[in-house]
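Everything on this sheet refers to the single structure shown next.
2 protein chains.
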Amino acid sequence: MTKTRADGVTNFDAWKHSYAARAENLSVSEVRALFAVVSRPEVVSLAGGMPDVAALDTELIEKAFASLMSNRKDLALQYGGGQGDLRLREQIQEIMALEGIHSSVEDITITTGSQHGLELVSDLFLDKGDVVLVEAPSYVGAVGIFRHKEAHIAHVYTDEHGISPQALAETADRLIAEGKRIKLLYLVPNFANPSGVTLTADRRLEVLEICKQRGILIVEDNPYGQLYFGEKPPNAMRSLDEQNVVYLGSFSKILSPGLRVGYVLAPPAIREKLVLANESAILSPASFAQMLVSEYLSIADWQKQIGTFRDLYQTKRDAALQAVEQFLPKVHTTRPDGGFFLWLTLPEGLNSKEMLPLAVTELVAYTPGTAFFGDGRGADNIRICFSHPTADNVRVGIERLSRVLNQQIDLLETFGKRD
Amino acid sequence: MTKTRADGVTNFDAWKHSYAARAENLSVSEVRALFAVVSRPEVVSLAGGMPDVAALDTELIEKAFASLMSNRKDLALQYGGGQGDLRLREQIQEIMALEGIHSSVEDITITTGSQHGLELVSDLFLDKGDVVLVEAPSYVGAVGIFRHKEAHIAHVYTDEHGISPQALAETADRLIAEGKRIKLLYLVPNFANPSGVTLTADRRLEVLEICKQRGILIVEDNPYGQLYFGEKPPNAMRSLDEQNVVYLGSFSKILSPGLRVGYVLAPPAIREKLVLANESAILSPASFAQMLVSEYLSIADWQKQIGTFRDLYQTKRDAALQAVEQFLPKVHTTRPDGGFFLWLTLPEGLNSKEMLPLAVTELVAYTPGTAFFGDGRGADNIRICFSHPTADNVRVGIERLSRVLNQQIDLLETFGKRD
């Protein structure tokens, strides 16, 4: 029987025979599927990955809007160029300089969030069967894009110092020997999503050298770089090599994800193609959002705002680590120096995906580790996002999670691992 | 010699070997390439395709922003769902009802302008070599997307009453007999870009039947439908068939293209995939822009604003037709009942693409007809966009154009057709 529309689903598709091959690879992201649950106010969501936008100074956004309407109204409401607003690109140069990057304003392309930057770069490079090397675990939104492009995703061993150069070289050489074409290495070097780990300065140099020798383009995704809690992380990889790195940046974590403004810094020949791809996909990035960001950067002390976010997220990170220590003594966690995430490793034999409904019954949500692998791994991992709930709720959420987890651990210790 | 960066180009590409096959199909759109020229204030641009956003009531946009900041600030600044804001989707139902469309709010997906809607739909359906049927001429941005997907673009004979049903059936049957897979018919039934023609009610029924019989999905793109000057155009094709039509709508022409808010109404199974594709590409459509549009629709008399646009564009259309009659007596023009465009047909033997530099010297820009064909046709056509300049400047622009055109026509008549 065909389900009614009220169910929000249908099981009949008159066009089933007509889809492109790549459409087969679209699947519901485990993170996205949580959104309905997460929006219930009684649930503490440690899933998401959302910034705490309530910490923004609303008055500054209102001033930015007023300034925009006074100075650039007709431009803001109109189509713009496919590369994005020149003035904003100049301001982005200043932001990237904080990561040690010196760039030409010509080589920056503004995108609909850095997600669309990654989509466009992936579309430019990935034929079916091409290999993308990624961290283990890797960002779920990137894994989704690469899968949609029918690429082969190869996870490279990653520890608390980031991706392993030795494992990277070995994996690359093995795949090359198998006749595979490795097109990209995608990584989040600072406070990675989901692991929270940061790639050391020494390893950055080694990774650059390994990829350069093998003709592998590096895609460096850096949404969290400015959100450090202690020392600044090492300079961006792009600051060391402008020929072999495509750099992705975003305003989603230092201002607002609801504006969807990100950017790509790419070598000139790639950037030329990227602008054409951007125009083909959306004609031009939203003038209004770009110019609102630009006005905000002009009138606001945006570095102070980033400082506010740093302090806020550090407090929440501390609450998260303390709660894990107190309530989850048998669970291992990474100890991130910035960003949004803890990566938990459960005792062997537990399945984080299967436990999620139990957790939701206890009014807490998280993201199962399986979301961050393209190969089925991650069942004994959990990503905890501490950025959005209050510090108190981070603690409450982890305590709720512990009721489920510790009970499962007890069962496991009493009855042994299930088949 | 490698050109300097100051030239804005480079002729060296270290990654030339690495691009995906589809990247070969990205090319500079003839329309887009004009942007640099068009932005010089002394040039009257009849190119573009831009709405006259100066005719918007700024105060209403300011009120919409104030209301947004009071009521939904944190939601507007945050990530949203991949399908788009529910409240805006409800409002879109009302807008589509003006075209005779009755729909479920579940089947609407909000996109980054309707361009991205078309990109996502094309990506869902088009494998390399698949056929897309289009009008002759067709929208340049659609032709660009289909080319990027490595599709085969087949133009179907189109006259002043829109696409010809007979030619459509013949073209489809010929291609099917050749073993081609025809996936989509893409068309702009109301005041088409670039031809300005409107598909008659009778032909809408015939086109629907022809496509249904042959399993061809119709993509109905309707950015201009509300911008009629006299009688309302016939109801949308989607109003007659909800299973075989994907409908694209946009706020770019009734509000602002700088916000990049469009939408897709699709049958449930297609819509489910579309939401996944949207999430993969951009995570979620911009909450801020969506909610600003929603507030605007709530507080403004938006139908009155559309009425203002209608009157304004009608005046400009009249100016354009009168100027063509007066200054270009040997040139044929379509006589659109709405929208933004005239489609000129020059005496045989003239080349509108080659003449463009001469026109720019006379301080007028237009779009050569070749931009609107995937097969090299259109050299004897010109698209005139009358929507953006003042009515006086539309007249000035066409007079300037006539200096170049009439001189070329005289030369042709004196010396005959060049080889």
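Protein chains in written order, with our numbering: chain R, 1 to 419; chain A, 1001 to 1419. Ideal Cβ placement from N, Cα and C applies to all residues, glycine included.
- Secondary structure within the stretch 1067–1142 of chain A: the alpha helix (DSSP H) runs of 4 or more consecutive residues, fully enclosed, are 1073–1076, 1086–1097, 1113–1125 (chain order).
- Here the C-alpha atom of Y1157(A) lies approximately 42 Å from the C-alpha atom of F1012(A).
- Sequence-ordered contacts of the stretch 1284–1297 of chain A with chain R read A1286, S1287, F1288, A1289 [C-beta pairs closer than 7 Å].
- Within the stretch 1296–1345 of chain A, the complete beta strand (DSSP E) segments at least 3 residues long are 1341–1345, listed from N- to C-terminus.
- A21(R) and L185(R) have their alpha carbons spaced roughly 24 Å apart.
- As a beta-bridge residue in DSSP terms, C385(R) pairs with F341(R).
- Secondary structure in the stretch 1196–1230 of chain A: the beta strand (DSSP E) runs of 3 residues or longer, each lying completely within the stretch, are 1217–1221 in chain order.
- According to DSSP, I270(R) shares a beta bridge with no other residue.
- A direct Cα-Cα distance of roughly 11 Å separates E160(R) from P189(R).
- Annotated three-state conformation of T158(R) is strand, per DSSP.
- Beta-bridge partners assigned by DSSP to I163(R): T158(R).
- Within the same chain, and ignoring the five residues on either side of A1055(A) in sequence, the residues whose Cβ sits closer than 7 Å to its Cβ are T1308, F1309, L1312.
- Listed as beta-bridge partners of H1148(A) by DSSP are no residues whatsoever.
- In this structure, the straight-line span from the alpha carbon of D392(R) to that of T315(R) is close to 10 Å.
- The Cβ atoms of P1267(A) and N1244(A) sit closer than 9 Å to each other.
- DSSP places P1257(A) in the helix class (H, G or I) of the three-state scheme.
- Within a 10 Å sphere around the beta-carbon of N1222(A) sit 16 or more other beta-carbons, which makes this residue buried.
- Of all alpha-carbon atoms in E1178(A), I1176(A), H1155(A), A1177(A), the one lying nearest the alpha-carbon of A1167(A) is that of H1155(A).
- In the three-state reduction of the DSSP assignment, K180(R) falls in the coil class, being assigned neither a helical nor a strand state.
- The three-state reading of DSSP puts P368(R) in strand, counting E and B together.
- Going by beta carbons, A177(R) and Y139(R) fall outside the 9 Å limit.
- A Cβ-Cβ separation of about 7 Å places L1405(A) in contact with L1346(A) under the 8 Å criterion.
- Around the beta-carbon of F373(R), 16 or more other beta-carbon atoms lie within 10 Å, marking it buried.
- Beta-bridge partners assigned by DSSP to Y263(R): I110(R), G249(R).
- Comparing alpha-carbon positions, the option among A97(R), L412(R), G196(R), E242(R) lying closest to F386(R) turns out to be G196(R).
- CA-to-CA, the gap between T198(R) and A269(R) works out to about 30 Å.
- Secondary structure note for E1042(A): it is in no alpha helix (DSSP H), with a DSSP letter that is neither H nor E.
- Going by beta carbons, V1053(A) and D74(R) fall inside the 9 Å limit.
- Taking all protein chains in view, the Cβ of P389(R) is crowded by 16 or more other Cβ atoms within 10 Å, so the residue is classified as buried.
- Here L1276(A) carries a helix assignment [DSSP, helix/strand/coil].
- The C-alpha of V324(R) lies about 16 Å from the C-alpha of T367(R).
- By the Cβ neighbour-count rule, S294(R) is buried, with 16 or more other Cβ atoms within 10 Å of its own.
- For G49(R), the closest C-alpha among the options K353(R), G113(R), F340(R) is that of F340(R).
- By the beta-carbon neighbour count (other beta carbons within 10 angstroms, threshold 16), D202(R) is exposed.
- For Y79(R), the CB contacts under 8 Å within the same chain, skipping 5 residues up- and downstream, are L283, S284, S287 in chain order.
- When the five nearest sequence neighbours on each side are left out, the beta carbons in the same chain lying within less than 6 Å of the beta carbon of E42(R) are those of L363, in order along the chain.
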